[in-house]
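Basically the working numbering = 1-based index in the sequence shown + 334.
Cβ atoms here follow ideal geometry from the backbone N, Cα and C, with glycine treated the same way.
Note that this is a predicted model, so its numbers are computed, not measured.
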Amino acid sequence: MPFTYFIADIHLSAERDDITECLLTFLKQDAPQAEALYVLGDLFEFWLGDDDVTPLSERVASAFKALSATTPVYFIHGNRDFAIREGWTQKAGMTLLPEQQVIDLYGTPTLLLHGDELCTLDIEYQKF
């Protein structure tokens, strides 16, 4: 039976290599079995810009690029990585999607977005 993976709020950082290793293992071992992978924001704890190349961003881009050879990978910005641009997503083999995207998920129209889009009544949070 076909299936699709959705991941969000991984919050990768150089300080948490254990999380990075778990993601890299998932991308190599599990994700290739899926029909697609959607990253729904906050892949990184923070993103200063595509020109801020780090060992972490390079490792992650390389792993996603390898996956994209067999499995389509899509990316929607989160509140922590909103500065990711097409330069990095192309390097990672990802398709950059708008903040809200409706897909046909096995016959069901499905709205994809980062969860922070729904925090409209939390005024204190929105000030951040």
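Bridge partners - residue i, DSSP secondary structure assignment
| i | result |
| --- | --- |
| Tyr408 | Tyr372, Thr429 |
| Ser438 | Note that residue 438 corresponds to Asp in the displayed sequence, not to Ser. Asp438 pairs with Pro443. |
| Thr423 | Bridge partners of Thr423: none, in fact. |
| Phe337 | In DSSP, Phe337 forms no bridge with anything. |
Identity of the residue in the options nearest residue i by Cα
| i | options | result |
| --- | --- | --- |
| Ile437 | Ala368, Tyr372, Glu420, Gly449 | Tyr372 |
| Ala349 | Pro389, Thr404, Ala400, Ala397 | The question names Ala, but residue 349 is Glu in the sequence shown. Comparing Cα-Cα distances from Glu349 to each of Pro389, Thr404, Ala400, Ala397, the minimum goes to Pro389. |
| Asp364 | Asp386, Thr404, Gly383 | Thr404 |
| Thr423 | Ala400, Glu369, Gly449, Asp352 | Ala400 |
| Asp385 | Pro366, Lys425, Thr354, Thr359 | Lys425 |
Contact under 8 Å by Cβ, residue i with residue j
| i | j | result |
| --- | --- | --- |
| Met428 | Val394 | no |
| Gly375 | Ala342 | yes |
| Leu439 | Ile410 | no |
| Leu346 | Leu361 | no |
| Phe416 | Glu369 | no |
| Ile353 | Trp381 | no |
7 Å CB neighbourhood of residue i in its chain, flanking five on each side removed
| i | result |
| --- | --- |
| Glu379 | His345, Leu346, Ser347, Arg414 |
| Phe340 | Tyr372, Leu374 |
| Gly421 | Asp384 |
Contact set for residue i: own chain, Cβ-Cβ below 6 Å, skip 5 residues either direction
| i | result |
| --- | --- |
| Thr444 | Ile437 |
Worksheet entry | beta strand (DSSP E) segments (min. 3 residues) lying fully within the segment 350-401 | 370-374
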